[in-house]
Each structure stands twice: as C-alpha cells, then as structure tokens.
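A short worksheet on the structure shown next.
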Amino acid sequence: MKIKRSERLIDMTAYILNHPHTLTPLTYFVKKYESAKSSISEDLTIIKKTFKERGFGVLETVAGAAGGVIFTPSIPFSESKQMIDSLCERLSEQDRLLPGGYVYLSDLLGEPQLLKQIGQIIATQYANKNIDAVMTVATKGVPIAQAVSYYLNVPFVIVRRDSKITEGSTVSVNYVSGSSERIEKMELSKRSLKRGSRVLVVDDFMKGGGTVNGMKALIEEFEAELVGITVFAESTFSGRRMVDDYTSLICVKEVDTKTKNITVVPGNYFSVMGADATD
Numbered sequence: 001m002k003i004k005r006s007e008r009l010i011d012m013t014a015y016i017l018n019h020p021h022t023l024t025p026l027t028y029f030v031k032k033y034e035s036a037k038s039s040i041s042e043d044l045t046i047i048k049k050t051f052k053e054r055g056f057g058v059l060e061t062v063a064g065a066a067g068g069v070i071f072t073p074s075i076p077f078s079e080s081k082q083m084i085d086s087l088c089e090r091l092s093e094q095d096r097l098l099p100g101g102y103v104y105l106s107d108l109l110g111e112p113q114l115l116k117q118i119g120q121i122i123a124t125q126y127a128n129k130n131i132d133a134v135m136t137v138a139t140k141g142v143p144i145a146q147a148v149s150y151y152l153n154v155p156f157v158i159v160r161r162d163s164k165i166t167e168g169s170t171v172s173v174n175y176v177s178g179s180s181e182r183i184e185k186m187e188l189s190k191r192s193l194k195r196g197s198r199v200l201v202v203d204d205f206m207k208g209g210g211t212v213n214g215m216k217a218l219i220e221e222f223e224a225e226l227v228g229i230t231v232f233a234e235s236t237f238s239g240r241r242m243v244d245d246y247t248s249l250i251c252v253k254e255v256d257t258k259t260k261n262i263t264v265v266p267g268n269y270f271s272v273m274g275a276d277a278t279d
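Each step along the sequence shown adds one to the number in the UniProt record's numbering, with nothing skipped, and position 214 is 214.
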C-alpha cells in the first residue's frame with residue numbers, strides 16, 4: 001500500500017540510520033513503498049542533503065545494477081568537543097576519587113545515551129578504515145566496544161583473562177601489566193576472529209598500556225592486522241608506556257589524594273583527527 005511522501009521520508013530515514021555501512025538497493029525502497037524509482041531517488045537526495053547539513057554522516061549513492069545507497073555515520077566536531085568537555089567536568093568531581101588514586105568511571109559507562117555518543121565519536125575516526133572487528137577485554141570495555149561496533153556495523157570480540165567452557169578452544173598470550181609489571185594471561189576464542197581481519201582495539205582505561213599491548217599480541221597470533229587503538233580514558237604515566245600509537249578521548253592528568261582534586265583534560269583525539277575535522 002502506498003503511503004504519503006512525508007511518511008515515506010520518515011520511514012526511509014529511520015531505516016538508513018539503523019543500517020549503517022549497509023548497501024541498500026534502490027529496488028528495496030521501490031518495492032516497499034510501491035513508488036517509482038525516480039520518486040525514491042528524489043527522497044534520497046533530500047535525506048542526503050539533510051544528513052550533510054545536520055552532520056549525521058554521509059549518504060553515498062552507488063551506481064550500477066547492484067547499486068544503491070550506503071550510510072556512513074559521523075558526529076560533528078563541535079558536538080564531540082562539547083561532549084568530551086562535559087565528560088572532563090564530570091570526571092573532575094571529588095567524589096569520584098577511589099582508594100589508590102583511581103577515578104570512578106562505571107556510572108558514565110552505564111549511561112546509554114553517553115555510550116551512544118562515545119561510540120559515534122570513536123567510529124567517526126575509523127569510518128573509512130575498512131574495520132572487520134572491534135576488540136576489547138572483559139569487562140568494562142565491553143559496552144564501549146558494542147557501541148563502536150554498532151556504528152561501524154562489524155562484530156566485536158571479547159578477550160578474557162580466564163577461559164570459559166562455552167568459548168571452546170582458545171588462543172592465549174602472556175603479557176606484562178604496565179602498572180604492576182606482573183605477568184598475566186589473556187585468551188580469545190579461536191572462533192571469535194578470522195585470520196587476516198582488520199581489527200580496532202578499544203578499552204575503557206589505559207595507564208601503562210600492558211592490557212592493550214596484550215591484545216596487540218593476540219591479534220598477531222591470529223595473523224590479523226591492528227588498524228588502531230582508542231581508549232575512553234588514559235592517565236599520565238611516569239614510566240615507559242608499552243604502546244605509543246593510540247587515541248584517547250579524555251586524560252586524567254593529575255590526582256591529588258590529599259586535596260581530592262582531580263584534573264581531567266581532553267585526550268589526544270582532536271589532534272589525531274586533525275584541524276580539518278570541522279563541521
């Protein structure tokens with residue numbers, strides 16, 4: 001049954017937003033709405049223009065018999081900066097200081113809307129990097145990896161420090177904890193990652209970089225390729241960090257346990273993205 005154009009535009013927009021990095025043939029919309037191909041093309045032109053003006057992302061038209069449209073989501077530079085600045089303020093609250101100088105993050109990583117924005121920000125950096133999988137380590141990195149994988153439309157895999165019987169056979173590596181310098185072990189199911197995959201590593205927090213370095217070793221064991229590393233938060237580290245090439249959204253610059261003052265600043269995300277990352 002044919003519907004009004006206004007309703008069709010809303011429905012098409014919702015479908016495209018919910019299917020990022022997916023090639024959708026024009027014939028799909030033609031059949032669904034019982035409309036002429038020319039009408040659907042006009043609708044997509046309107047949606048494409050609106051997405052660009054609002055900073056939602058890029059709607060690309062693919063020509064040919066097997067063509068259609070592909071939506072690559074992104075987030076405007078100004079919006080990501082505003083969100084990260086707001087995070088820095090929230091993380092500077094004195095009641096977030098935990099024994100040992102750690103900063104409490106779990107409540108932030110439990111907010112669905114905030115996780116959505118974090119996923120968008122990280123995915124924007126890797127939108128055109130042909131990522132095959134997002135990797136993280138259990139447990140606090142899981143919601144971040146899930147949010148990023150949604151916007152990249154790829155699977156996410158979870159590295160564990162102890163094997164589960166439901167994981168089947170696993171590949172394990174030993175790694176040195178960057179902060180405690182202890183030898184620890186992490187494992188990944190052999191079925192989780194295909195050989196030759198292009199992998200993005202994400203994590204919630206990095207200090208010495210030992211955990212991230214362990215995931216790098218696992219990626220090598222799978223004969224896969226590390227495309228990038230992004231952490232939600234990093235802290236300053238007096239020793240030698242085990243990874244150098246990474247992106248962070250925020251940085252816990254200083255923690256004073258006596259005064260309970262926490263200094264949090266934006267990470268290196270904006271410098272990595274470059275000065276051309278504007279609206």
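Cβ atoms here follow ideal geometry from the backbone N, Cα and C, with glycine treated the same way.
State the start and end residues of the unbroken beta strand (DSSP E) segment that holds residue i.
i    : result
M135 : 133–137
S235 : 225–235
D256 : 247–256
V264 : 261–266
R198 : 198–206
M186 : 183–189
V157 : 156–159
Assign residue i to buried or exposed, taking buried as 16 or more other Cβ atoms, counted over all protein chains shown, within 10 Å of its Cβ.
i    : result
R54  : exposed
R96  : buried
Q82  : exposed
V62  : exposed
D279 : Below a pLDDT of 50, predicted positions are generally treated as unreliable, and D279, at 40, falls in that range; no measurement from the model is reported.
A36  : exposed
P99  : exposed
E181 : exposed
S38  : exposed
I121 : buried
A269 : Position check: residue 269 holds Tyr in this sequence, whereas Ala was assumed. Flag for Y269 reads buried.
E220 : exposed
N128 : exposed
In whole angstroms, what separates the C-alpha of residue i from that of residue j?
i    : j    : result
L23  : F71  : 8 Å
Q94  : T257 : 10 Å
L26  : S41  : 8 Å
V148 : T139 : 15 Å
A277 : F51  : In this prediction, A277 has a pLDDT of 47, which is less than 50 and means its spatial position is unreliable; nothing more can be read from the coordinates.
E254 : N130 : 36 Å
H19  : S106 : 29 Å
A275 : I165 : Unreliable placement is indicated for A275, whose pLDDT of 43 sits below 50; no coordinate value is reported for it.
P112 : I47  : 26 Å
S235 : K207 : 5 Å
K194 : G57  : 29 Å
S248 : L59  : 28 Å
L91  : K32  : 47 Å
G68  : Q146 : 27 Å
V173 : R160 : 11 Å
V265 : V272 : 15 Å
F222 : L108 : 33 Å
T263 : V252 : 6 Å
I84  : A233 : 11 Å
I250 : V142 : 18 Å
In the DSSP assignment, find the alpha helix (DSSP H) that holds residue i and state where it starts and stops.
i    : result
Y175 : Looking at the DSSP string, Y175 is not in any alpha helix (DSSP H); the run it does join, the beta strand (DSSP E), is 170–176.
D11  : 5–17
I144 : 142–152
E42  : 37–54
I165 : First-last for I165: undefined, no H or E at that position.
G239 : No alpha helix (DSSP H) contains G239, which DSSP labels as neither H nor E.
Flag residue i as yes when its Cβ comes closer than 6 Å to any non-hydrogen atom of the ligand ZN, and as no otherwise.
i    : result
L108 : As for the ligand ZN, it is missing from this structure, which has no ligand bound.
* For the region 165–178 and the region 195–202, state whether three or more C-beta atom pairs, one from each stretch, are separated by less than 8 Å. => no
* Report yes or no: do the region 114–121 and the region 141–159 share at least 3 C-beta pairs separated by less than 8 Å? => yes
* To do: Tell me the start and end of each unbroken alpha helix (DSSP H) in the region 60–108 that is at least 4 residues and wholly inside, in chain order.
  => 77–91
* When the Cβ atoms of the region 233–248 are set against those of the region 152–162, are three or more pairs found closer than 8 Å? -> Judged by pairs of C-beta atoms under 8 Å, the region 233–248 does not touch the region 152–162, as fewer than three such pairs exist.
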